[in-house]
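Q: One structure is given below, represented as structure tokens, and several questions about it will come after.
2 protein chains.
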Amino acid sequence: MNVVVAQEPSTAARGRPGGDESRARMIAASARMFAERSFDGVSVREIANAADVNVSAVSYHFGGKRGLYIAALEQLLEEMRPVGGPVIERIVAVMADGAPSVSALRDVACFVVRHILTKMLSGDLEPWVTQTVLREFQNPTTDYRPMLDERVLPLHKAMGKLTAASLGTEVDAPSTVLAAHGVMGQIMVFAAARRVVQEELGWSEIEPAQLETIIEAAIRGVLGALGLKSDPEAC
Amino acid sequence: MNVVVAQEPSTAARGRPGGDESRARMIAASARMFAERSFDGVSVREIANAADVNVSAVSYHFGGKRGLYIAALEQLLEEMRPVGGPVIERIVAVMADGAPSVSALRDVACFVVRHILTKMLSGDLEPWVTQTVLREFQNPTTDYRPMLDERVLPLHKAMGKLTAASLGTEVDAPSTVLAAHGVMGQIMVFAAARRVVQEELGWSEIEPAQLETIIEAAIRGVLGALGLKSDPEAC
DNA sequence: ATTTATAAAACAAGCGTTTGATTAAGTGGC
DNA sequence: GCCACTTAATCAAACGCTTGTTTTATAAAT
Numbered sequence: 006m007n008v009v010v011a012q013e014p015s016t017a018a019r020g021r022p023g024g025d026e027s028r029a030r031m032i033a034a035s036a037r038m039f040a041e042r043s044f045d046g047v048s049v050r051e052i053a054n055a056a057d058v059n060v061s062a063v064s065y066h067f068g069g070k071r072g073l074y075i076a077a078l079e080q081l082l083e084e085m086r087p088v089g090g091p092v093i094e095r096i097v098a099v100m101a102d103g104a105p106s107v108s109a110l111r112d113v114a115c116f117v118v119r120h121i122l123t124k125m126l127s128g129d130l131e132p133w134v135t136q137t138v139l140r141e142f143q144n145p146t147t148d149y150r151p152m153l154d155e156r157v158l159p160l161h162k163a164m165g166k167l168t169a170a171s172l173g174t175e176v177d178a179p180s181t182v183l184a185a186h187g188v189m190g191q192i193m194v195f196a197a198a199r200r201v202v203q204e205e206l207g208w209s210e211i212e213p214a215q216l217e218t219i220i221e222a223a224i225r226g227v228l229g230a231l232g233l234k235s236d237p238e239a240c
Numbered sequence: 006m007n008v009v010v011a012q013e014p015s016t017a018a019r020g021r022p023g024g025d026e027s028r029a030r031m032i033a034a035s036a037r038m039f040a041e042r043s044f045d046g047v048s049v050r051e052i053a054n055a056a057d058v059n060v061s062a063v064s065y066h067f068g069g070k071r072g073l074y075i076a077a078l079e080q081l082l083e084e085m086r087p088v089g090g091p092v093i094e095r096i097v098a099v100m101a102d103g104a105p106s107v108s109a110l111r112d113v114a115c116f117v118v119r120h121i122l123t124k125m126l127s128g129d130l131e132p133w134v135t136q137t138v139l140r141e142f143q144n145p146t147t148d149y150r151p152m153l154d155e156r157v158l159p160l161h162k163a164m165g166k167l168t169a170a171s172l173g174t175e176v177d178a179p180s181t182v183l184a185a186h187g188v189m190g191q192i193m194v195f196a197a198a199r200r201v202v203q204e205e206l207g208w209s210e211i212e213p214a215q216l217e218t219i220i221e222a223a224i225r226g227v228l229g230a231l232g233l234k235s236d237p238e239a240c
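Here the protein sequences come in this chain order: E and B.
First residue of the first sequence: 6, per this note's numbering; consecutive thereafter.
First residue of the second sequence: 6, per this note's numbering; consecutive thereafter.
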């Protein structure tokens, strides 16, 4: 996780410096631990050790363990922005000019699959970031509500528009919403099952060649599910 | 979760009775709690309260919290048997007579989708049972290894056979394995996202009519992804 | 002198497990 | 049939440890 330390404005701050760095280290260390072991599986002392701060720093800077947890989620939310943003923009753009052609729909569908899988499976995002998203998707909680509201559902809305245009159904029809979920399922399953896939195919890492194989398989499936000509080589 | 209490043989046991009932109640209460809040999020005292036993009963009967945890997982494993078993049998059966026809492949694919979704989304399995499976699929752990080895991977192997026959690819080719994952993703996404789907479509419960709508959408998507004629009404 | 941050120590609460006593059953001798 | 003994299960209390938070002192800056 890349954590940006806020640059102070030119007016000098008073007091002992270093709080920004400490807060950043605590957020970075804890975000990963919370993602991997969830809230109760991580102790304040472990976070403090990993972040190289005193154990009381968590209460001092964040008001307590839960405050740090919320701060870490907000950081994750920010990290997720480049995943769905471009997809939504591309889908909205292709719809802007009236009913898009089959060719245009295929191009968008190909882009969607390629972009999301590249973001999720290459080094851009750590695996546990996508794990956190998937867990929230599966079991929505109050804590992660913004993740759902601001990242997942808008992406789903956009996918619904692409699906409606491809299948010739109404955007808000249940069959469209469900088909869009099916399409997302075909993409997200590779994030969810990345370790299982690696084990089954004997891949120690997902290198660019393997990523391309996954993208191609996913494109074929998604085009097929959308009723578009499923020939990924044309992408 | 239906927990069966072992019937004692005709020879009477010595000692105070009731241990079987207490163990069953502890397993049932804890399985759900572990699924919802994972191991560290549940305390022995909470389990004891929910199961109406003394707190020391966990250590007495199971050797401790972790022993109970393992026992609960084994129970879940048993619960999952009727989900994948019939699917594997059906796929194996259709392959037994050489290359199946497209019509036969469609029938099997329809059955697979209908069976799995019916098991997962109707009252047959509690939502948190499927949540546990999905969590293990996403983040395989030592604890859940049998769930993966004995339930999930065999089902995936069978799905790979169906996929290879449908797409005309080699069973063990990476593209087949990945396409099979895509197909499973299209089905499992409805278990994973059941709460999100309910919220989006305004469904308070997934009644039989809604379940049928989901099944139909999933069948259409799966048939499309498998390159089979995607007309679910023919199922 | 003030403000901000850090550190060590302590606190109260909860944790999982153990201990010793009690209860509820069955068994065998008389 | 009654009683003593054995076995299995349950109970309340206690234990040692870990938890998140607070307190007080110290350090580093303006």
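Ideal Cβ placement from N, Cα and C applies to all residues, glycine included.
Quick one: is L65 (chain E) buried, meaning 16 or more other Cβ sit within 10 Å of its Cβ, or exposed?
A: Before going further, note that residue 65 (chain E) is Tyr rather than Leu in the sequence given. So Y65 (chain E) ends up on the exposed side.
Q: Tell whether a beta-carbon distance below 8 Å holds between A104 (chain E) and L167 (chain E).
A: no
Q: What residues in its chain sit with their C-beta under 8 Å from that of I96 (chain E), if we drop five residues either side in the sequence?
A: V113, V117, A163, M164, K166 and L167
Q: If we ignore side chains and look at the alpha-carbon of each, how far apart do Q136 (chain E) and R19 (chain B) end up?
A: Between Q136 (chain E) and R19 (chain B), the C-alpha separation is close to 50 Å.
Q: Tell me where the alpha helix (DSSP H) around R71 (chain E) begins and ends.
A: From DSSP, the alpha helix (DSSP H) with R71 (chain E) extends over K70 to M100.
Q: Just list the alpha helix (DSSP H) runs in the stretch 158 to 200 of chain B, keeping only unbroken ones of 4 residues or longer that don't cross its boundaries, in chain order.
A: Unbroken alpha helix (DSSP H) runs of no fewer than 4 residues, entirely contained in the stretch 158 to 200 of chain B, are found at 158 to 172 and 179 to 197, following chain order.
Q: Taking E205 (chain B) as the query, report the chain E residues whose CB atoms sit under 8 Å from its CB, ordered along the chain.
A: L158, H161 and V182
Q: Would you report the Cα separation of S48 (chain B) and A62 (chain B), rounded to the nearest angstrom?
A: 13 Å
Q: Give the C-beta separation of A139 (chain B) and M193 (chain B) to the nearest angstrom, bearing in mind that I take them to be a contact with Cβ-Cβ under 8 Å.
A: Residue identity check: residue 139 (chain B) is Leu in the sequence provided, not Ala. That pair is a contact at about 7 Å.
Q: Within 8 Å, do at least three Cβ pairs link the stretch 142 to 152 of chain B to the stretch 176 to 183 of chain E?
A: no
Q: Consider the Cβ of H66 (chain E): report whether some Cβ of chain B lies at a distance smaller than 8 Å.
A: no
Q: Along the alpha helix (DSSP H) that carries F142 (chain B), what are the first and last residues, could you check?
A: The continuous alpha helix (DSSP H) containing F142 (chain B) extends over residues P132 to Q143.
Q: Closest to M31 (chain B) by CA distance: which of B:A40, B:V58, B:G23 and B:D45 is it?
A: B:V58
Q: For L139 (chain E), would you say it is in contact with chain B, using Cβ-to-Cβ distances shorter than 8 Å as the test?
A: yes
Q: If you follow the alpha helix (DSSP H) that R30 (chain B) is part of, which residue opens it and which one closes it?
A: G24 to R42
Q: Using the C-alpha atoms, what's the distance from D45 (chain B) back to E51 (chain E)?
A: 15 Å
Q: Output, in sequence order along the chain, the residues in the stretch 108 to 125 of chain E whose CB is closer than 8 Å to any CB in chain B.
A: none
Q: Can you name the residues of chain B whose CB is closer than 7 Å to the CB of I219 (chain E)?
A: L183
Q: Cβ of I211 (chain E) within 8 Å of Cβ of L126 (chain E)?
A: yes
Q: Measure from the C-beta of N54 (chain E) to each C-beta in chain B and report whether the shortest distance is under 8 Å.
A: no
Q: Measuring only between beta-carbons, confirm whether D154 (chain B) sits less than 8 Å from chain E.
A: Taking Cβ atoms only, chain E never reaches closer than 8 Å to D154 (chain B), which makes this a no.
Q: Can you tell me which of B:E238, B:A33, B:L231 and B:A98 puts its alpha carbon nearest to the alpha carbon of G173 (chain B)?
A: G173 (chain B) has its Cα closest to that of B:L231, out of B:E238, B:A33, B:L231 and B:A98.
Q: So, does the CB of V201 (chain B) fall closer than 8 Å to a CB anywhere in chain E?
A: Proximity of V201 (chain B) to chain E, defined by a Cβ-Cβ separation below 8 Å, is satisfied.
Q: To which residues of the same chain is N92 (chain B) closer than 7 Å at the C-beta, ignoring the five residues directly before and after it?
A: The residue asked about is misnamed: residue 92 (chain B) is Val in this sequence, not Asn. Here the set comprises V117, H120, I121, L160 and A163.
Q: Use the C-beta contact count for K124 (chain B): other C-beta atoms within 10 angstroms, 16 or more gives buried, fewer gives exposed.
A: So K124 (chain B) counts as buried.
Q: Taking only the alpha-carbon atoms, compute the straight-line gap between A197 (chain E) and P22 (chain B) and give it to the nearest angstrom.
A: 45 Å
Q: How about A197 (chain E): is its C-beta nearer than 8 Å to some C-beta of chain B?
A: yes
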